[in-house]
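*Asks:* In this text, residue positions in the sequence shown follow full-length UniProt numbering: the first is 1, and each later residue adds one.
Idealized CB from N, CA, C, for every residue including glycine.
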Amino acid sequence: MFKLLYTKNNNSRSEEDKSTSEYFRNSNTYYYMNWKKLKIQNLIIHLFHSFPRNIAKYNDFTLFGSKKKGSRAFVDNEDTSVSHDVLDRLQSDCKTKLKSIEDGLKFELSKINVHRAALIDHENIERESGDSQLRHIASIVTRGNFELIVNPYKKADLTDIFTSLSTSLAGYKVKLLESYVSVTIPELGSDMRKKSQENVKRLLNSGLDQIRLARQNSMKTLKNLESGLSQDMLFNQKKQIEGHIKSSTSNVEKMCNEKLSSL
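1. Kindly indicate which three-state DSSP category N145 falls into: helix, strand or coil?
2. Alpha carbon to alpha carbon, how far is D104 from L260?
3. Mind pulling the alpha helix (DSSP H) runs of 4 or more residues that sit fully within the segment 179-225?
4. Considering Cα atoms alone, identify which of R143, L222, Q210 is closest to V181.
5. Does DSSP put K173 in a helix, a strand or coil?
6. Take Y23 and list the residues in its own chain whose beta-carbon comes closer than 7 Å to its own, dropping the five residues that flank it on each side.
7. What is the residue span of the alpha helix (DSSP H) that L229 lies within?
8. Quick check: what's the CA-CA separation for Y31 versus T221?
9. On the DSSP bridge list, what partners appear for S110?
10. Could you check which residue in N205, L169, S179 has the C-alpha nearest to that of K194?
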């Protein structure tokens with residue numbers, strides 16, 4: 001049973017129209033359409049309750065309806081599909097993020113070769129006001145090939161920086177001067193090699209964490225598009241993302257393993 005609401009050019013209705021309208025009023029399902037656009041005679045109304053969707057499709061008008069009175073209307077011909085441009089952008093953003101992670105890791109690993117003490121910026125400095133990484137409270141400048149100059153942003157942190165670095169940097173020569181701390185890079189002995197290996201492993205774990213986060217973000221974006229994708233398209237998109245993640249993970253592990261082998 002269907003209830004049919006329509007508009008006509010005049011305000012009068014025939015007895016047949018009224019009886020038909022009354023017949024449909026008791027229905028639990030209703031449809032709205034524009035009578036002017038439908039372009040069929042009054043007698044076709046009787047067919048509409050038997051073939052509502054076919055008539056709507058044949059006459060090219062938008063059909064609204066609901067299974068029960070009071071429920072939310074829906075649009076049968078609403079296009080909810082996701083464009084290829086959106087999907088291409090999703091994959092492109094994922095690859096771009098992963099490439100950025102790989103490039104950042106490659107740069108950090110290269111600094112271990114140039115001057116092996118470059119990564120002291122992550123060293124923890126114990127202060128009365130609270131612990132902090134060295135890079136947050138001081139700048140680090142290279143002097144020649146074997147010396148680093150640590151300039152605190154606040155002079156009050158100078159002694160704390162010296163004390164913490166003297167304790168944590170085994171094998172380094174740490175000197176406290178008037179306004180900065182001098183750190184001399186030792187030759188690559190067993191202690192220095194061990195610290196360099198720890199730095200590489202730390203960078204590896206950081207890179208893998210960033211890759212996992214990139215995967216989560218890509219999958220979350222894809223989840224929001226799921227309603228506009230077929231099962232095959234959804235599967236293919238997930239497969240592509242997993243492929244990017246697998247490739248990037250392999251690249252990161254390879255770079256770090258090669259660096260460890262060279263130490």
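*Replies:* Answer, in terms of the structure:
1. coil
2. The identity of residue 104 in the sequence shown is Gly, whereas the question assumes Asp. Cα to Cα, the separation comes out at about 17 Å.
3. 190-224
4. R143
5. Shown here, K173 sits in a strand according to DSSP, grouped into three states.
6. Unreliable positioning characterises Y23 in this predicted model, as indicated by a pLDDT of 41, which lies under 50. A coordinate reading is not provided.
7. Per DSSP, L229 belongs to no alpha helix (DSSP H) and is neither H nor E.
8. Reliability of the predicted coordinates at Y31 is poor, the pLDDT of 42 falling under 50, and no value is obtained from them.
9. Per DSSP, none; premise fails for S110.
10. If we check each option's Cα against that of K194, L169 comes out closest.
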